[in-house]
């Protein structure tokens, strides 16, 4: 796992973006960028250079699930590892995200340990 | 039809009958019964409209009753959970700060003491025996600093994590605001109906993205993951 990889954090709440960024920094990932919904995230992703996407689900403008689908539908971005960090906990939603091709799913409120574990698991699979 | 008009028509009818004028008599009778019929129609129309209004206000009444019975207590529980969460966050932050303050005070005091001694050493005012003591004190201080800074790191992380309440409670409060909005719409509707105007009522739906699970409210039917383990189990059952 490359600690210098560029991570895009997408959440409409700035406090949550700060928390995730701080946790990522604690895990050694300092190269992060932010977006506040799918609409602002997509151009950043399309511009290239992002290695890992961490996104919320429920956001105004464009939701995380729509962002996930848009990324998977784009040949340039379809292999992007995506971790969803969301308060949405309905079984049907988790299944929907899995079917849309999410790599990991963390429900809020979460712990630093959970985030670390899920990120490690995602990159174990990719590197392995 | 006024009394005068009716009286005049009756007199005309009597006259026509006395004169054996069948055509005129029939015409007058038709006129009287026609007038009656159109009055009856107006009456039925009015009753129909009143019935319709009453029915509409009945269904609106039941909507408001439903809100009073279910949605408002539901919202109260959600807001109660907001209080619980913000209280937890505040306590978590305060606990961390209270744990960290003595640690930083202790480190500060040690540093002050040692820097004073270090000054004296630089000014060549320190006897060798005292220098030996200071050396071991400095070694001890470094060890303690490493331990203490680890504690500070953990405490700061706790404070950081406690801020997550803002996102969760924000989403819960937004949902309650939506309920208040719906209630307001219904009240406006009711006022409009009692004022004699009827229009279709809007439906309230379960939001597509219900947001944070509120314990005791959203996890009753077992269709939600109440913690990360549930999510992991579900995903692994899907072959994840």
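Protein chains in written order, with this note's numbering: chain B, 1 to 128; chain V, 1001 to 1240.
Virtual Cβ for every residue (Gly too), placed ideally from N, Cα, C.
Keep in mind it's a predicted model, so treat the numbers as computed, not measured.
Does the beta-carbon of residue i have 16 or more other beta-carbons within 10 angstroms, so that it is buried, or is it exposed?
i: residue 1006/V; result: exposed
i: residue 75/B; result: exposed
i: residue 1188/V; result: exposed
i: residue 1202/V; result: Confidence at residue 1202/V is low in this model, with a pLDDT of 49, below 50, so its placement is unreliable and the value that follows should be read with caution. So residue 1202/V ends up on the exposed side.
i: residue 43/B; result: exposed
i: residue 21/B; result: buried
i: residue 10/B; result: buried
i: residue 1160/V; result: buried
i: residue 1039/V; result: exposed
i: residue 1143/V; result: exposed
i: residue 1051/V; result: exposed
Using the beta-carbon of each residue, which ones in chain V are nearer than 8 Å to residue i?
i: residue 15/B; result: 1163, 1164, 1166, 1167
i: residue 88/B; result: 1209, 1210, 1211
i: residue 91/B; result: 1223, 1224, 1225, 1234
Measure the beta-carbon distance from residue i to residue j and round it to whole angstroms, keeping in mind my assumption that it falls under 8 Å.
i: residue 50/B; j: residue 6/B; result: 5 Å
i: residue 39/B; j: residue 61/B; result: 4 Å
i: residue 106/B; j: residue 114/B; result: 6 Å
i: residue 1075/V; j: residue 1234/V; result: In fact, because the Cβ distance is near 29 Å, the residues do not count as touching under 8 Å.
i: residue 15/B; j: residue 1110/V; result: Actually they are not in contact, since the Cβ atoms of residue 15/B and residue 1110/V sit about 35 Å apart, beyond 8 Å.
Give me the chain V residues within the contact set of residue i, using Cβ-Cβ distance strictly less than 7 Å, ordered along the chain.
i: residue 109/B; result: 1164, 1168
Name, please, each residue of chain V whose Cβ falls closer than 9 Å to the Cβ of residue i.
i: residue 25/B; result: The premise fails here: residue 25/B is roughly 10 Å from chain V at the closest Cβ pair, so nothing lies under 9 Å.
Please compile the residues from chain B whose C-beta is within a distance smaller than 7 Å of the C-beta of residue i.
i: residue 1228/V; result: 106, 107, 110, 114
For a contact defined as C-beta to C-beta under 8 Å, what are the partners of residue i on chain B?
i: residue 1231/V; result: 89, 94, 105, 106, 107
i: residue 1240/V; result: 98
i: residue 1171/V; result: 58, 87
Can you find the residues in the same chain that come closer than 6 Å, C-beta to C-beta, to residue i, ignoring five residues on each side of it along the sequence?
i: residue 89/B; result: 107
i: residue 1081/V; result: 1214
i: residue 1120/V; result: 1126
i: residue 36/B; result: 12
i: residue 78/B; result: 72
i: residue 17/B; result: 9, 11, 34
Excluding the 5 residues flanking residue i on each side, which residues of the same chain have their C-beta closer than 8 Å to its C-beta?
i: residue 984/V; result: Because chain V spans 1001 through 1240 in this model, residue 984/V falls outside it and cannot be assessed.
i: residue 1226/V; result: 1213, 1215, 1219
I'd like the list of long-range same chain contacts for residue i, defined as Cβ closer than 7 Å, with 5 residues on each side in sequence excluded.
i: residue 1210/V; result: 1218
i: residue 57/B; result: 63, 64, 65, 84, 86, 88
i: residue 1055/V; result: none
i: residue 24/B; result: 7, 32
i: residue 1032/V; result: 1009
i: residue 94/B; result: 105
Taking 7 Å as the cut-off, is the beta-carbon of residue i closer than that to any non-hydrogen atom of the ligand ADP?
i: residue 1097/V; result: As far as ligands go, the structure on display features none, and thus does not contain the ligand ADP.
Of all the CB atoms in chain A, is at least one closer than 8 Å to the CB of residue i?
i: residue 18/B; result: Given the protein chain composition of this structure (B and V), no chain A is represented.
Exercise for review: Could you please tell me which residues of the region 1148-1161 of chain V, in chain order, have their CB closer than 7 Å to any CB of chain B?
Suggested key: 1157, 1160, 1161
Review point. Which residues, in chain order, does the region 61-72 of chain B contribute to contact with chain V at a C-beta distance below 8 Å?
Key: 63
Practice item. Give, in chain order, every residue of the region 20-54 of chain B whose Cβ lies closer than 9 Å to some Cβ of chain V. Key: From the region 20-54 of chain B, only 22, 23, 26 have a Cβ closer than 9 Å to chain V.
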